[in-house]
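Quick note, the sequence shown lines up with residues 542 to 799 if you use our numbering.
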Amino acid sequence: MPISWALLFIQLLSSTAVLGVRQTTQSHLRIVNGITIPISFAPWQVSIQVMGNHICGGSILNAKKFITAAHCLNLPAHQLQVRAGSTFRNTGGQLVNVVYAKKHSGYVGSPYKHDITLLLLKRKLNLSYKANKIDLASNSPYDGTTAFVSGWGRYVEDKNAFTIDLRIAVLSMIDRGTCQKSKYAERKMKITKGMICAASGGKDACQGDSGGPLVANGKLVGIVSWGLGCAKRGFPGVYTDVAYYRDWVLKNMDTLGS
Ligand code: 4AZ
């Protein structure tokens with residue numbers, strides 16, 4: 542008997558502890574149920590900016606070359622800047638001008654196809670534990686692979702709810718075929734070649750995360766591209782499948798300039 546009382550007591554204690562943790566985590570909730578992280582946890586992440594305002598995420602491929610979504614490039618490249626090495630979207634790190642962008646020639650909007658672009662910076666970044674490159678995935682991740690997406694986008698879909706600190710959400714990969722059979726099929730929205738999906742109950746990328754990294758096993762597997770809403774059941778986040786475009790990226794990185 543005393544033992545079961547002790548057990549009950551321990552269970553109560555631990556459930557309170559769990560609740561306590563939940564509460565603290567909730568006060569740090571960022572877009573669709575991620576958590577805040579310092580930039581050193583995702584040092585490849587950059588913020589793409591126009592006149593000091595964050596518009597999209599991106600990833601560092603090397604000290605001068607970056608990758609993002611084509612739909613982030615509504616303005617001429619030379620009007621863009623990249624902020625690297627900062628946890629905060631509005632301050633810190635290195636802010637460098639973009640000089641050139643190479644959009645995929647097959648890019649079309651709505652729903653986005655071939656949503657991929659390379660950026661060339663005016664000068665080299667100083668690479669460090671806060672600003673570092675990430676390798677491209679060679680193979681598309683298997684269904685169920687754990688991956689994480691990061692960014693400064695909205696943390697509530699229908700509110701103008703942006704935060705200044707970077708956050709991350711852990712997701713599970715969904716292959717193209719499975720994703721096509723989701724509720725997107727009912728809406729006649731096609732998950733075409735070069736797209737891959739990821740989701741995890743209640744967690745997702747959202748507006749402002751576009752162009753940013755989806756990483757699995759230390760490699761860049763996806764670029765935040767689109768989705769019907771954010772974290773809506775049956776509508777996974779859709780990403781540009783980096784492995785599918787690997788050859789395009791490598792070839793165009795060479796011709797991008799230096
Ligand atoms: C957007 O508007 C956007 N839930 C990005 C990602 C997702 C939805 C919308 C995925 O940039």
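We treat Cβ as the ideally placed atom computed from N, Cα and C, and that holds for glycine.
Could you check if Asp782 is buried or exposed, using at least 16 other CB atoms within 10 Å of its CB as the buried criterion?
-> As a working mapping, residue 782 is identified with position 241 in the sequence shown. Buried, since its Cβ has 16 or more Cβ neighbours within 10 Å.
For Pro754, the residue or residues it bridges with in DSSP | Translated into positions along the sequence shown, residue 754 becomes position 213. Paired residues: Ile764.
In terms of residues, what are the limits of the beta strand (DSSP E) holding Tyr780?
-> Walking along the sequence shown from the start, residue 780 turns up at place 239. Counted as a single uninterrupted DSSP element, the beta strand (DSSP E) harbouring Tyr780 occupies residues Gly778 to Asp782.
Can you check the stretch 614–663 for any beta strand (DSSP E) of at least 3 residues that lies completely inside it and give the ranges in chain order?
-> Taking only runs of at least 3 residues, the beta strand (DSSP E) segments lying wholly in the stretch 614–663 are 621–625, 635–644 and 658–662.
Just checking my contact of Cys613 with Ser751 at CB under 8 Å: how many whole Å lie between their CB atoms?
-> Walking along the sequence shown from the start, residue 613 turns up at place 72. Walking along the sequence shown from the start, residue 751 turns up at place 210. Indeed, because the Cβ distance is near 6 Å, the residues count as touching under 8 Å.
Note the first and the last residue of the continuous alpha helix (DSSP H) segment covering Val697.
-> Position 156 of the sequence shown, counting from 1, holds the residue named residue 697. Counted as a single uninterrupted DSSP element, the stretch harbouring Val697 is not any alpha helix (DSSP H), since DSSP gives it neither H nor E.
Between the stretch 632–643 and the stretch 763–778, are three or more C-beta pairs nearer than 8 Å?
-> No, because fewer than three Cβ pairs between the stretch 632–643 and the stretch 763–778 fall closer than 8 Å, the two stretches do not touch.
Exposed unless 16 or more other CB atoms sit within 10 angstroms - verdict on Ser588 | Mapped onto the sequence shown, residue 588 falls at position 47. Burial call: buried.
Can you give me the Cβ contacts of Leu712 inside the same chain, cut-off strictly under 8 Å, excluding the 5 residues immediately before and after it?
-> Within the sequence shown, numbered from 1, the residue matching residue 712 stands at position 171. Closer than 8 Å at Cβ, skipping near neighbours: Thr687, Ala688, Phe689, Val690, Ala739, Ala740, Ser741, Lys744, Asp745, Leu755 and Gly778.
What residues come near the ligand 4AZ, if near means a beta carbon less than 6 Å from any of its heavy atoms?
-> Chain-ordered list of matching residues: Asp745, Ala746, Cys747, Gln748, Asp750, Ser751, Val765, Trp767, Gly768, Cys771 and Gly778.
Quick one: is Asp656 buried, meaning 16 or more other Cβ sit within 10 Å of its Cβ, or exposed?
-> Walking along the sequence shown from the start, residue 656 turns up at place 115. Result: buried.
Between the stretch 718–731 and the stretch 660–673, do three or more beta carbon pairs fall short of 8 Å?
-> Three or more beta-carbon pairs separated by less than 8 Å are not found between the stretch 718–731 and the stretch 660–673, which leaves the two stretches without contact.
What separation, rounded to the nearest whole angstrom, lies between the Cα atoms of Ala615 and Lys734?
-> As a working mapping, residue 615 is identified with position 74 in the sequence shown. As a working mapping, residue 734 is identified with position 193 in the sequence shown. A quick correction: the sequence has Asn, not Ala, at residue 615. Cα to Cα, the separation comes out at about 24 Å.
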